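Colleague: Before I ask anything, let me first share the structure, which is written out below as structure tokens.
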Amino acid sequence: MNHVIRSIRPDEWARVKELRLAALQDPVAHLAFLETYEDAAARHDAFWQERAAGAAEGSTTRQQFVAEGEGGAWAGSVTVLVEEGGSRDPFGGVIEQRQGHLVGVFVRPEHRGSGVGVTRALFDAALQWSWGIGLDRVRLFVHEKNTRAEAFYRKAGFVPTGGTVKAPGVAGELELEFAITRP
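Under the UniProt record's numbering, the letters of the sequence shown match residues 1 to 183, in that order.
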């Protein structure tokens with residue numbers, strides 16, 4: 001793999017925005033993300049500056065990792081949110097323990113599959129960071145119809161917990177919880 005996996009820096013907010021907008025134009029974005037391209041594109045620069053600063057290197061509450069290729073191009077990203085026990089998750093449930101929550105998983109189509117390893121390297125970095133700050137569990141949610149993503153998560157060691165939540169904005173469909181514990 002010819003990519004460097006690293007945390008974003010606060011001054012990279014415009015690149016964070018560009019990658020997110022690209023992710024929201026992916027054909028399965030409606031299954032993978034909780035916001036639309038139109039909503040994200042309408043946000044002011046201050047939102048993106050705050051978002052990047054809050055997930056940049058040095059943060060202990062969230063961390064966004066990017067795969068940076070030759071010439072500095074970003075091939076993909078994943079973010080770890082630290083969830084505190086007793087707080088509410090994005091779906092309204094009560095979080096039982098301090099844990100990580102992987103969100104915003106996206107790899108540009110030209111960097112997916114074919115043994116390149118970008119997604120796996122992003123996940124490895126996210127998990128290493130999570131274990132390094134003392135988390136014992138990391139979870140994620142995947143839409144029940146996003147079989148490509150589910151297959152990757154299983155290969156990466158995540159297992160279904162049996163937990164489900166209603167898919168936001170889609171009647172009768174579910175998001176499935178997957179988790180991995182520290183080895």
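By construction, the Cβ of each residue, glycine as well, lies at the ideal position given by its N, Cα and C atoms. If you're wondering where the values come from, they're calculated on a predicted model, not measured in any experiment.
Among all the DSSP beta bridges, which residues are the ones paired with residue 127?
Modeller: DSSP lists no partner for residue 127.
Colleague: By Cβ distance below 8 Å, which residues in the same chain neighbour residue 33 in space, the five residues on each side in sequence not counted?
Modeller: Excluding positions up to five away in sequence, the list reads 23, 24 and 104.
Colleague: Distance check for residue 71 and residue 126, CA to CA, integer angstroms please.
Modeller: If you take the alpha carbons of residue 126 and residue 71, they lie about 23 Å apart.
Colleague: Could you check which residue in 178, 3 and 152 has the C-alpha nearest to that of residue 163?
Modeller: For the residues 178, 3 and 152, the minimum Cα distance to residue 163 belongs to 178.
Colleague: Cα separation between residue 138 and residue 37?
Modeller: So the alpha carbons of these two residues sit roughly 27 Å apart.
Colleague: Whole angstroms are fine: how far does the CA of residue 169 sit from the CA of residue 81?
Modeller: Their Cα atoms are separated by approximately 22 Å.
Colleague: Could you check which residue in 111, 43 and 102 has the C-alpha nearest to that of residue 18?
Modeller: Among 111, 43 and 102, the Cα nearest to that of residue 18 belongs to 43.
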